[in-house]
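Peer 1:
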Amino acid sequence: MKMLKRKYGNRSEWKRVLDRKYAQAFLDTKEFKGYITLLHTIKVVKPLSVRYEDKNICIVDDGYMWLQQFPLEKKHSVTTMFDNNGNIVQWYIDVCLGIGVDNDIPYLDDLYLDIILLPSGEVIQKDADELEEAFLNGIIDKSLYDSAW
């Protein structure tokens, strides 16, 4: 089986970000056990916008922040994305195979399917076609496919 895409909390591989600040903490409370990361994009090569039907939403630009939760022993990660004025742009939920840590940096193994919640309350399901394609091409098996749903 091919490897799933691994996403690290610090996004160190992200060439778009020229200057960044990064912080992380481990929490072990009754409500949450895992890592919280904060990526502050001080300077980017160019802004990144995504299109959801008729909406074009900027998710990365100078001064934006991504606050990401990596709950251990769960199958999801939530990223709250803030613009440079501190307003929430979107909540992005990655459905994942699992959460782990490598060289003290938390990561998730992406299982394709994503759910986006906009501040308006609109919910968007994303990349179900990629999940289906991964299953049909043998990248993931039936149990992983089923667990994503």
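Under our numbering, the first residue of the sequence shown is numbered 17, with each subsequent residue one higher. Beta carbons are placed, not taken as given, at the ideal position from N, Cα and C, and that holds for glycine.
CB PRO135 to CB VAL105, shorter than 9 Å?
Peer 2: Here PRO135 is near VAL105, since their CB atoms are less than 9 Å apart.
Peer 1: Let's test the definition: count the other Cβ atoms within 10 Å of the Cβ of VAL152 and tell me whether it reaches 16, buried, or not, exposed.
Peer 2: The sequence given here places Leu at residue 152; Val does not occur at that position. Answer is exposed; the Cβ neighbour count stays below 16.
Peer 1: Starting from the C-beta of ASP35, find all residues in its chain whose C-beta is less than 6 Å away, skip the five residues before and the five after it, and write them out in chain order.
Peer 2: The beta carbon of ASP35 is closer than 6 Å to those of ILE58 and LYS59 in its chain, skipping five residues each way along the sequence.
Peer 1: Below 7 Å CB to CB, which residues in the same chain sit around LEU88 once its five sequence neighbours on both sides are set aside?
Peer 2: LYS49, GLY50 and ILE115
Peer 1: How far does the beta strand (DSSP E) with PHE48 in it extend, from its first residue to its last?
Peer 2: Looking at the DSSP string, PHE48 is not in any beta strand (DSSP E), and its letter there is neither H nor E.
Peer 1: So, with DSSP's three-state summary, where would you put SER163?
Peer 2: helix
Peer 1: On the DSSP letters alone, give me the boundaries of the alpha helix (DSSP H) that ASP2 sits inside.
Peer 2: With the chain running from 17 to 165 in the structure shown, residue 2 is simply not present.
Peer 1: Of the choices ASP110, GLN40 and ASP145, whose alpha-carbon is the least far from that of THR53?
Peer 2: GLN40
Peer 1: Please classify ALA150 as buried or exposed, where buried requires at least 16 neighbouring CB atoms within 10 angstroms.
Peer 2: With 16 or more Cβ atoms within 10 Å of its Cβ, ALA150 is classed as buried.
Peer 1: Please specify which runs of the beta strand (DSSP E), each continuous and at least 3 residues long, are wholly inside the segment 93-137, giving them in chain order.
Peer 2: 104-118 and 121-133
Peer 1: Cutting at 6 Å between CB atoms, please list the residues of its own chain near MET17, excluding the five before and the five after it.
Peer 2: Any reading at MET17 must be qualified, since the residue scores a pLDDT of 42, below 50, and its modelled position is unreliable; no value is offered.
Peer 1: In three-state terms, what does DSSP make of LYS37?
Peer 2: strand
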